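Novice: According to my numbering, the stretch in the sequence shown is residues 15 to 438, in order. All residues carry an ideal CB built from backbone N, CA and C; glycine is no exception. Computed from a predicted model, the values in this text were never measured in an experiment. Before I ask anything, let me first share the structure, which is written out below as structure tokens.
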Amino acid sequence: MSGYAAPKLDMVRIGFIGLGQRGPGHLNNMTKLEGVKINGLCDIRESSVKKAAKLLDGSSHQPVLYSGDKDAWKKLCESKDIDVVYIATPWDMHVPMALYAMEHGKHAFVEVPAAVTLDQCWQLVETSERTRKHCMMLENCCYDFFELLTLNMARQGYFGEIVHAEGAYLHNLLGLNFDKNGYWDMWRLKQNATRNGNIYPTHGLGPLCQLMNINRGDKMDYLVSMSGNDFSMEKKAEELAGKDDFFKPFTGKNYRGNMNTTSIRTKSGRTIMIQHDVSSPNIYSRIHKITGTKGTALKYPLPGKISNDTKESWLSDKEMQELEKKYQPAIVKKMGELAKEVGGHGGMDFLMDWRVIDCLRNGLPLDQDVYDAALWSSISPLSEKSVANRSSAVDIPDFTNGSWKTNKPVDILLEQGGTTKVKL
Ligand SMILES: NC(=O)c1ccc[n+]([C@@H]2O[C@H](COP(=O)([O-])OP(=O)(O)OC[C@H]3O[C@@H](n4cnc5c(N)ncnc54)[C@H](O)[C@@H]3O)[C@@H](O)[C@H]2O)c1
């Protein structure tokens, strides 16, 4: 399925499952694209479906609404009027929903991480291969502006050979995890209370894997992963439980360590470091550090910086502007300003949703395939295994079954397609 192009869809008929904090953002983006018909909205909560449907008032979209019971999403997947299912539900529901969608002839687009267990990662791969349906994880950070710039620069050799890269998800979600009005049924807190490792690896990892041709010329070989103690979550749970019985079941748990650091070695001897901490008061960072034989880049703290082997300091603002002019990828030249106007994490969400639809409408391969979804997500269970065994080395499976040697690197360059119009 790497490089696989499904038959063109002139009109992409979409159904959405999961309309909490994330789903409506994708829905809003889709309302702005030509060639899209929104034919289904589903959430277990009727109120969430109704609220999302309001976004479509006055438009030509007339979706069927599905809600009320925990299996209502199956009806959406069974619908004959839907080609594509967008899934933005809690992590442990992604795979059952994606599998059912593909089995019913739909392309599945799944929020991050696509899967929670290794078995689930394999199920995605096997089902996508058998049904010939796309299964893409919606890793929006692959479409952020600095990430796209550095991908294009890497393709043109600016960094020389990439020898090492670092990524992360450092985002203080302590308050949101304990907010009764935050995640549905406190699902994210429960994940944090029962697993120990990097349970949200893909934001930092995805763009680095694209840049380093992982699954497409190189392969992850093994990892070692270390977590420190939990210094924040149990304390927070006890503090809240002292005032509100609701939080009592969330005390006495084995919360994951504040900081997890995972190191990955690839077959060709390159390394990747990935961190996860969503309970310390870090300033938001995905690091995005690239070390090559000829150049280097570092995104955070913002703004991103770049240098090369002719210098011992970061490039000046003026030099950066020249670099951006020279290496700005076509997708940003064409859609960047529009994407910023629509917004969604600074525009990257819109850029991704536009690109997905444009690829489907033009019959082009997607930038992220099912092997990427499986591999990037697998770092969670593999890191948990390493953490549980005093950071011992854990082999990383080859979801491509050897095709990584011949799969073509991804280029988000817009050489084909780019025809989908936007109506603001
Ligand atoms: N890529 C990003 O930048 C980004 C940002 C936020 C969230 N996410 C991802 O999006 C997903 C959803 O996160 P969220 O923050 O929206 O969580 P949320 O809890 O706000 O939303 C989840 C929704 O799923 C619904 N749901 C639960 N069970 C269901 C069922 N059986 N059938 C149908 N709907 C059901 C809930 O009612 C809720 O509305 C997660 O995978 C998360 O990691 C990604």
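With a threshold of 6 Å on Cβ separation, who are the neighbours of W198 within its own chain once the five nearest residues in sequence on each side are excluded?
Specialist: Against the sequence shown, residue 198 aligns to sequence position 184. Contacts found: G34.
Novice: Assuming V26 is part of the beta strand (DSSP E), what are its boundary residues?
Specialist: Taking the first residue of the sequence shown as position 1, residue 26 is located at position 12. Run containing V26: V26 to I31, per the beta strand (DSSP E) assignment.
Novice: Between L378 and A122, is the Cβ-Cβ spacing less than 9 Å?
Specialist: Your numbering for residue 378 matches position 364 in the sequence shown. Your numbering for residue 122 matches position 108 in the sequence shown. No, they are not a contact pair.
Novice: Spatial neighbours of K88 within its chain, please: C-beta separation below 7 Å, excluding the five flanking residues on both sides.
Specialist: In the sequence shown, counting from the first residue as 1, residue 88 sits at position 74. Only Y114 meet the Cβ criterion.
Novice: Going by the CB atoms, is the gap between V401 and N210 shorter than 9 Å?
Specialist: For the purposes of this step, residue 210 is identified with residue 196 of the sequence shown, where counting begins at 1. For the purposes of this step, residue 401 is identified with residue 387 of the sequence shown, where counting begins at 1. Yes, they are a contact pair.
Novice: Taking buried to mean at least 16 other C-beta atoms within 10 Å of its own C-beta, is S406 buried or exposed?
Specialist: If you number the sequence shown from 1, residue 406 lands on position 392. By the neighbour-count rule (16 or more Cβ atoms within 10 Å), S406 is not buried but exposed.
Novice: Between V292 and N415, is the Cβ-Cβ spacing less than 9 Å?
Specialist: By 1-based counting over the sequence shown, the position of residue 292 is 278. By 1-based counting over the sequence shown, the position of residue 415 is 401. Contact: no.
Novice: Would you give the residue range spanned by the alpha helix (DSSP H) that H118 belongs to?
Specialist: As a working note, residue 118 is residue 104 in the sequence shown. No alpha helix (DSSP H) holds H118; DSSP gives it neither H nor E.
Novice: L188 and M240 - do their beta-carbons sit closer together than 9 Å?
Specialist: For the purposes of this step, residue 240 is taken as residue 226 along the sequence shown, with counting starting at 1. For the purposes of this step, residue 188 is taken as residue 174 along the sequence shown, with counting starting at 1. Not closer than 9 Å, so no.
Novice: Report buried or exposed for E48, applying the criterion of at least 16 other Cβ atoms within 10 angstroms of its Cβ.
Specialist: Indexing the sequence shown from 1 puts residue 48 at position 34. Result: exposed.
Novice: Let's test the definition: count the other Cβ atoms within 10 Å of the Cβ of Y298 and tell me whether it reaches 16, buried, or not, exposed.
Specialist: For this step, residue 298 is matched to residue 284 along the sequence shown. Classification of Y298: exposed, given that the 10 Å Cβ count is below 16.
Novice: Please report the straight-line C-alpha distance between L203 and E398, rounded to a whole angstrom.
Specialist: On the sequence shown, position 189 is the one that residue 203 refers to. On the sequence shown, position 384 is the one that residue 398 refers to. Roughly 17 Å between the two C-alpha positions.
Novice: From the DSSP output, in three-state form, read off M234 for me.
Specialist: Residue numbering aside, residue 234 sits at position 220 when the sequence shown is read from its first letter. Correct three-state label for M234: strand.
Novice: Cα separation between V408 and E153?
Specialist: Taking the first residue of the sequence shown as 1, we reach residue 408 at position 394. Taking the first residue of the sequence shown as 1, we reach residue 153 at position 139. About 24 Å.
Novice: Going by CA-CA distance only, name the one from L329, Y314 and P315 that's closest to S321.
Specialist: The residue labelled residue 321 in the question sits at position 307 within the sequence shown. It is L329 whose Cα lies nearest to the Cα of S321.
Novice: Just to confirm the assignment: which complete beta strand (DSSP E) runs, minimum length 3, are found wholly within the region 171–222?
Specialist: For the region 171–222, whole beta strand (DSSP E) runs of length 3 or above, ordered along the chain, are 176–184.
Novice: Tell me the residue span of the beta strand (DSSP E) that contains K51.
Specialist: Looking up residue 51 in the sequence shown gives position 37. That run of the beta strand (DSSP E) goes V50 to C56.
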